[in-house]
Amino acid sequence: MTEKKHYKGLSDAQVLESRQKFGSNSLTSVQGEPLWKQFLEKLSDPIIIILLVALVASFGVSCYEFFAGGEGFHVFLEPIGILFAIFLATGVAFYFELKANKQFEILNKVNDDILYKVIRNDNITQVLKNDIVVGDVVVLETGEEVPADGELLEAISLQINESTLTGEPVVHKTTNPEEFESEATYPSNYVCRGTSVVDGHCIFEVKQVGDNTEYGKVFEGVQIDNSIKTPLNEQLDRLAGIITKLSYGIALMVIVGRLLVYFSNSSNLPIDWISFGGYFLNTVMIAITIIVVAVPEGLPMSVTLSLAYSMRSMMATNNLVRKMHACETMGATTVICTDKTGTLTQNQMKIYEVFFPNFKEMGDDKLSQLIAESMAINSTAYIDFSEKEKPQVLGNPTEGALLLWLNKQGKNYLPIREEAEIINQLTFSTERKYMATFVKLPEAGKGILYVKGAPEIVMSFCHSASGLNSSVSQKDFEERLLQYQSQAMRTIGFAYKVFDEKTTVFENGKLAVNDLQFIGICAISDPVRDDVPQAIEECLNAGIQVKIVTGDTSGTAKEIARQIGLWDETCSDKNMLTGAEFAEINDEELIKRLGDLRVLSRARPLDKARLVNLLQQKNEVVAVTGDGTNDAPALKAAQVGLSMGDGTSVAKEASDITILDNSFTSIGKAVMWGRSLYLNIQRFILFQLTINVVACIIVLLGAFLGTESPLTVTQMLWVNLIMDTFAALALASLPPSKEVMNDLPRKRNTNIVTPVMSRIIFGVGGFFVILLFGFVQYFKHTDIQSLTQFSISDYFRYFLDFSKVPHGLTAYELSLFFSIFVMLQFWNMFNAKAYRTGKSTLNQMGKSQGFMLIALVIVLGQIFITTFGGEMFSVTPLKTVDWLIIIGGTSFVLWLGEIGRFLNKRKKS
1 MTEKKHYKGL SDAQVLESRQ KFGSNSLTSV QGEPLWKQFL EKLSDPIIII
51 LLVALVASFG VSCYEFFAGG EGFHVFLEPI GILFAIFLAT GVAFYFELKA
101 NKQFEILNKV NDDILYKVIR NDNITQVLKN DIVVGDVVVL ETGEEVPADG
151 ELLEAISLQI NESTLTGEPV VHKTTNPEEF ESEATYPSNY VCRGTSVVDG
201 HCIFEVKQVG DNTEYGKVFE GVQIDNSIKT PLNEQLDRLA GIITKLSYGI
251 ALMVIVGRLL VYFSNSSNLP IDWISFGGYF LNTVMIAITI IVVAVPEGLP
301 MSVTLSLAYS MRSMMATNNL VRKMHACETM GATTVICTDK TGTLTQNQMK
351 IYEVFFPNFK EMGDDKLSQL IAESMAINST AYIDFSEKEK PQVLGNPTEG
401 ALLLWLNKQG KNYLPIREEA EIINQLTFST ERKYMATFVK LPEAGKGILY
451 VKGAPEIVMS FCHSASGLNS SVSQKDFEER LLQYQSQAMR TIGFAYKVFD
501 EKTTVFENGK LAVNDLQFIG ICAISDPVRD DVPQAIEECL NAGIQVKIVT
551 GDTSGTAKEI ARQIGLWDET CSDKNMLTGA EFAEINDEEL IKRLGDLRVL
601 SRARPLDKAR LVNLLQQKNE VVAVTGDGTN DAPALKAAQV GLSMGDGTSV
651 AKEASDITIL DNSFTSIGKA VMWGRSLYLN IQRFILFQLT INVVACIIVL
701 LGAFLGTESP LTVTQMLWVN LIMDTFAALA LASLPPSKEV MNDLPRKRNT
751 NIVTPVMSRI IFGVGGFFVI LLFGFVQYFK HTDIQSLTQF SISDYFRYFL
801 DFSKVPHGLT AYELSLFFSI FVMLQFWNMF NAKAYRTGKS TLNQMGKSQG
851 FMLIALVIVL GQIFITTFGG EMFSVTPLKT VDWLIIIGGT SFVLWLGEIG
901 RFLNKRKKS
């Protein structure tokens, strides 16, 4: 027992001096970036940068056409449309992240207005947490949070919940050097800010405050900037580079082609340099138009809408996403580093199994009564049943587990305890390793002694271990005890005996009697969450490595890994490291071992962050789960940090996603959402780049043939902005598919446009170009007023006829061409929707009401713009019969896609 001492504490003058020298106990708050800066960050997206360049070029061309060419104000519709696309894409992302951050702030409010008992001026007083200084003597009781780091002066039965820093829910603290634990993460006579007292009480002297505490160091580590790009960022960077090179290449080809045409036509004539100047300037503007057309205006919108849709949908399932890109990055995750307590386990001690001979269920027999009284009376814990779904343990979590088990057996501990008349009691202490209560019996002059504690200690007070069942020997109990301990469980033994009421059962703070009757053993564990094994299996099947990083002992960590399916008979020492071993191995050697590592036990807070950084050096995409302050550096360092809803404020501040329901299953859902989201983005890229390839080649052909493009700038604005925006919305809102969980994680160095996608883009695009070129040739050589006059033989006859014709395309023919172009892309959108599903897009219509609604809006929008666009869009209203022919005729694109998917399915089967 600790010897009682008198403490004077600091004087007022010493408090001021200490605060001036060591600082206050407040943590340096994370300064959020101003809103304008957060918005400008959205403009750093690689595709957005290309759009900004295209905006400047388009605006320059429009100014030239308006001021020098005498065109109307409609020439500015192109740059206005691009500007609108930029602000729409960036604005949606900004709005959703701002909304999530506001919800996060409400979730993560921290109240520092807590008073603590502090000895000052030779008197005990109360001060606020932030007013505590180095040198203060603080008095703590059960249930209180430790306000600062300090060295223990006194400790009575002290047990600290260190799960916020080390993952350990119960750690014994003492001032007795003989009981110091050599493997403890923090010294046994030292307490840290952010931990809490679960049992006993103490007095400690403050040694560190504020940012200098262990909690503060971790909090400061959270603020380190993480410059690691997400896989989507990297892939969009590469795509932006490819688009830039291709568009510049095509633009250069246009300039070269038109110059060759000009000089070949003027080979025998003197060059009119003034005429050539105008021609060259017009050529440059066509080249700039090519660059503008090549840029996928709808892509940032598609990415943003996909991310926003997933973000909103995940919020509806209790996943608060703070950073949009975290949605998609989860889909690219290759490694998940998870803590144990509160994430894999319930962070609540529960009875795993009881071994009471002859006990079957709680009834009115003598054994049941002994068990109930031994648990209810011989205890100092309480249960808060105000939340029936989740009762809270007040006091020692191990004793709380016993009371919860009793409650499950239909016995309320409180009436049993209140009816008992306690003669004397020894509370639990780590020195004794048992608790004993002497209770008066109704029979005159009789009392009953209940003892519970470490089974080997309790057994030492018994004359035998037969208890109430003479057929069960002490050896049987010991074998069962060994079995529980091999499973990393806490064990408690129970004994009793009836004595004369006046018997002296306690002397000098210890039991003074023997020959007790041993009742049995309880095995207690922090059970694995019910959903975790299946969630782990789902992640492993999806090709994702899972690694446990915990402050618990090796035995406990290994057992938890076994229970969740992460440790099997094939595992050996190479699959496990302790924090001490981890610290001794250099980075180069560790990187070689990371592939085999499954469990890192006795880990300190920064071990997890180091592990994350090393995995990233191996080009892994790392997600980290955690709920404690100790997890914060790793949460920040990872590509995706996943904090738990009931975790510490520091952990949540460092994370990208907060799982409000604490369900590990949500991680699997997040991966599914991320992979589906990425697939939706690929579908849109497949759709839009096909459009852009067609548009660019048509303009390029026109340049070499010396004719103007049949698609005007304003028409391309409609196709590239309005239609693509709706298509982005349609493809972005497709629901997630569970089938993506059968795929392996994509490699970080892969392009977002796969070889298969490239073949489809250029194959379908090339087919559309040939088809549309044929219509241009046909319309040039004919003068039709309706598609009912269309002749398929003339179509092929005029296909390669490059002779000069007396007229170009009429307004009606241009409107027909524009509508055919749009409707070809419209039907191709259905093929893009079916990309990588292996299924008919027609079978999925019932599940895609949103997609079908947007598809209808696109058709109606095209009819509206053609009917009422007039001079601005260079269109004239089409006849109803022509609309029917265009919509029905271009649908062959969908039917060809369906035939291809059917043949593919048969080939695979």
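Once you know that position 277 of the sequence shown is 277 in this note's numbering, the rest is easy, because the numbers rise by one and skip nothing.
Quick reminder that beta carbons are idealized off the backbone N, C-alpha and C, glycines included.
Here the structure is a predicted model, which means the values were calculated and not measured.
- Residue pairing from DSSP places Ala436 in a beta bridge opposite Leu426, Val451.
- If one requires a minimum length of 3 residues, no beta strand (DSSP E) run lies completely within the region 35-66.
- Taking 8 angstroms as the cut-off, the beta carbon of Tyr496 is found closer than this to the beta carbon of Leu449.
- In this structure the region 869-883 does not lie against the region 770-779, because fewer than three pairs of beta carbons, one per stretch, are closer than 8 angstroms.
- The three-state secondary structure of Ser24, taken from DSSP, is coil.
- Counting along the chain, His201 sits inside the beta strand (DSSP E) bounded by residues 196-208.
- In its chain, beyond the 5 residues on either side, Lys780, His781 have a beta carbon closer than 8 angstroms to the beta carbon of Val805.
- Straight across, the Cα-Cα distance linking Gly72 with Phe87 is about 25 angstroms.
- Rounded to the nearest angstrom, the Cβ distance from Tyr413 to Ala436 is 18 angstroms, too far for a contact under 8 angstroms.
- Note that the region 343-359 does not touch the region 376-387; fewer than 3 beta-carbon pairs, one per stretch, sit closer than 8 angstroms.
- As the crow flies, the alpha-carbon of Ile770 is around 38 angstroms from that of Ala332.
- Under the rule that a run must span 3 or more residues, the beta strand (DSSP E) segments found entirely inside the region 498-549 read 516-525, 545-549.
- For Cys327, the enclosing alpha helix (DSSP H) starts and ends at 324-332.
- Judged by their CB atoms, Leu679 and Val756 are not nearer to each other than the 8 angstroms cut-off.
- The criterion of a C-beta distance shorter than 8 angstroms is not satisfied by Ile290 and Ile243.
- Beta-carbon to beta-carbon, Ala372 and Leu403 are separated by about 10 angstroms, too far to satisfy the 8 angstroms threshold.
- With the rule of 3 Cβ pairs closer than 8 angstroms, the region 535-550 counts as touching the region 594-609.
- In this structure, DSSP gives Asp384 an extended state, which the three-state scheme calls strand.
- Residue nearest to Val822 within the set Ala695, Gly674, Arg836, Arg906 is Ala695 (criterion: CA-CA distance).
- Straight-line spacing of the CA atoms in Ala155 and Thr142 works out to 12 angstroms.
- Contact between the region 646-666 and the region 310-327 is established, with three or more Cβ pairs separated by less than 8 angstroms.
- Here DSSP, grouped into helix, strand and coil, assigns Pro169 to strand.
- Within the model, the alpha-carbon separation for Val171 versus Asp552 is close to 10 angstroms.
- The count of Cβ pairs closer than 8 angstroms, one atom from the region 683-701 and one from the region 851-864, stays below three, leaving the stretches out of contact.
- For Asn161, DSSP records a beta bridge to Ser196.
- Annotation: the region 607-679 contains the following complete segments of the alpha helix (DSSP H) (minimum length 4 residues), in chain order: 632-637, 649-654.
- Counting other Cβ atoms within 10 Å of its Cβ, Trp883 reaches 16 or more and is therefore classed as buried.
- Linking Thr329 to Ile255 through their CA atoms gives a straight-line distance of about 41 angstroms.
- Going by C-alpha positions, Ser310 is about 50 angstroms away from Asp794.
- By the Cβ-count criterion, Gly70 is exposed, with fewer than 16 other Cβ atoms from all chains shown falling within 10 Å of its own Cβ.
- With contacts defined as CB atoms closer than 8 angstroms, Cys462 and Leu540 fail to qualify as a contacting pair.
- Around the Cβ of Glu162, a 10 Å sphere holds 16 or more other Cβ atoms; the residue is buried.
- In this chain, the alpha helix (DSSP H) harbouring Glu478 covers 474-486.
- Residue Lys433 holds the alpha-carbon nearest to the alpha-carbon of Gly509 among Phe356, Ala651, Lys433, Val197.
- With respect to the 8 angstroms criterion, Ala654 and Leu642 are not classified as neighbours on the basis of their beta carbons.
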